[in-house]
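Counting with the working numbering, you get residues 464 to 793 for the letters of the sequence shown.
Ideal Cβ placement from N, Cα and C applies to all residues, glycine included.
These figures come from a predicted structure and were not determined experimentally.
One structure is given below, encoded as structure tokens.
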Amino acid sequence: MEAEQITLSPRHLHAFAEVGFQVAGRRGAQGAMAALRRVIPMDAYEFVAFDPATGRHQSLIADGYARVDSDAAEEYARLDPYRTAMANREPLLMGAPGTERYYRRHLEPYGWRAGLTTPLFLDEGRYTGLLHLSARDPGAFCARAAALVNAVSPTLAHVTDLRRCLIETGGLPPGFHAMSFDRTGTRREVAGLPPSEAIAAAPGMAALAREFIDSRELSRRGLWPDAEGRWREVRLMRAGVGFQGAIQGALIAERPCALPYDLTGREVDVLTRVAGGDSNPQIAAFLVLSVRTVTTHLEHIFAKLGCDSRTRLTTKVLAEGLCRLDVPAG
464 MEAEQITLSP
474 RHLHAFAEVG
484 FQVAGRRGAQ
494 GAMAALRRVI
504 PMDAYEFVAF
514 DPATGRHQSL
524 IADGYARVDS
534 DAAEEYARLD
544 PYRTAMANRE
554 PLLMGAPGTE
564 RYYRRHLEPY
574 GWRAGLTTPL
584 FLDEGRYTGL
594 LHLSARDPGA
604 FCARAAALVN
614 AVSPTLAHVT
624 DLRRCLIETG
634 GLPPGFHAMS
644 FDRTGTRREV
654 AGLPPSEAIA
664 AAPGMAALAR
674 EFIDSRELSR
684 RGLWPDAEGR
694 WREVRLMRAG
704 VGFQGAIQGA
714 LIAERPCALP
724 YDLTGREVDV
734 LTRVAGGDSN
744 PQIAAFLVLS
754 VRTVTTHLEH
764 IFAKLGCDSR
774 TRLTTKVLAE
784 GLCRLDVPAG
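Below you can see the structure in the form of structure tokens.
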């Protein structure tokens with residue numbers, strides 16, 4: 464069922480262009496399916512997303528169905544015929560061997576006589592979920608209709624992309640890797656940015672994300688030594704995660720760095736406490752140093768950063784993200 468073998472009329476081309484416009488625009492799935500209905504007969508549809516964070520499927524949007532069972536999505540994804548359809552990246556018709564019991568349970572009681580399911584893969588090859596189409600006309604889904612759905616499926620795959628993080632990441636300089644988190648600690652990769660192995664390996668990042676989500680901050684910057692002691696520049700930003708960014712979350716991005724201004728790790732610790740408003744005796748007690756040692760560190764810090772007061776030092780440190788980021792132990 465090769466998409467390139469389809470001969471498209473101007474009506475089909477217009478509908479396909481409208482599908483892409485709607486997926487990228489405000490009406491999303493509903494607008495896309497309204498456009499697709501112009502060239503493919505259907506009475507109902509359901510988008511099912513695959514969440515790589517949990518390894519499970521979940522129903523996202525359904526229109527026209529009298530009822531969608533909560534467990535139907537996961538049950539369908541476990542069917543051997545659907546796994547074959549995924550491997551071949553081809554739609555699966557209702558009534559195909561191995562699907563009869565599913566359709567008798569979930570579709571036929573509600574009047575559907577034709578069904579078509581297609582696995583959804585982005586152009587990059589990543590699986591995001593599936594799309595069910597149903598109709599009351601037994602002949603609704605011919606081979607041509609299946610081929611048309613297959614051809615437009617990479618566009619529709621964006622609807623079910625739960626790795627998508629709805630935030631403008633264009634402001635990040637090159638070299639950043641990232642992950643996103645919601646308040647429950649569920650971690651997701653971020654579309655458009657390479658995943659961060661360092662963040663994924665740090666158990667305290669989920670707690671840091673939760674604390675940031677609950678704060679009033681829009682963004683945060685800092686320096687963080689990873690498990691191997693290598694310093695990384697870290698940025699946190701508010702983000703909507705999950706389907707259409709509906710879940711309040713945080714994006715955490717990092718890239719390896721050398722400590723700026725020839726600072727040492729201990730000097731970063733000291734200036735972090737200064738930026739937090741601590742006095743020299745308080746810094747000494749917290750870092751288990753003598754007050755004289757703290758004073759010496761501060762003399763070096765003032766010279767390296769070109770500051771002549773704690774106020775100017777604090778302003779510079781916060782503006783440039785020179786504080787050590789406090790990542791919980793786990």
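| With burial defined as no fewer than 16 other Cβ atoms inside 10 Å of the residue's Cβ, what is the status of P744: buried or exposed? | exposed
| query | Helix, strand or coil: how does DSSP classify G592 here? | reply | Note: G592 maps to strand in three-state DSSP.
| Coil, strand or helix - S643 by DSSP | strand
| said: Taking the alpha carbon of R698 as the reference point, which residue from M505, A603, V486 and E680 has its own alpha carbon closest? | reply: E680
| message | Strictly by DSSP, which residues pair up with W694? | response | P688
| Does the count of Cβ pairs from the region 502–519 and the region 537–555 closer than 8 Å reach three? | yes
| Are the beta-carbon atoms belonging to A598 and M505 less than 8 Å from one another? | Yes, Cβ-Cβ distance for A598 and M505 is below 8 Å.
| message | Quick check: what's the CA-CA separation for L556 versus T580? | response | Within the model, the alpha-carbon separation for L556 versus T580 is close to 6 Å.
| said: Would V757 and V733 be called neighbours here (beta carbons separated by less than 8 Å)? | reply: Cβ atoms of V757 and V733: closer than 8 Å.
| said: Do Y590 and P582 have their beta-carbon atoms positioned less than 8 Å apart in this structure? | reply: yes
| task | Could you tell me which residues DSSP puts in a beta bridge with Q521? | result | A512
| query | Three-state secondary structure (DSSP) at L776? | reply | Helix.
| query | According to DSSP, what are the bridge partners of L583? | reply | For L583, which the question treats as bridged, DSSP gives the partners G592.
| Should Y573 and Y508 be called a contact, given that it needs their Cβ atoms to be closer than 8 Å? | no
| query | Is L788 near G685, with beta carbons less than 8 Å apart? | reply | yes
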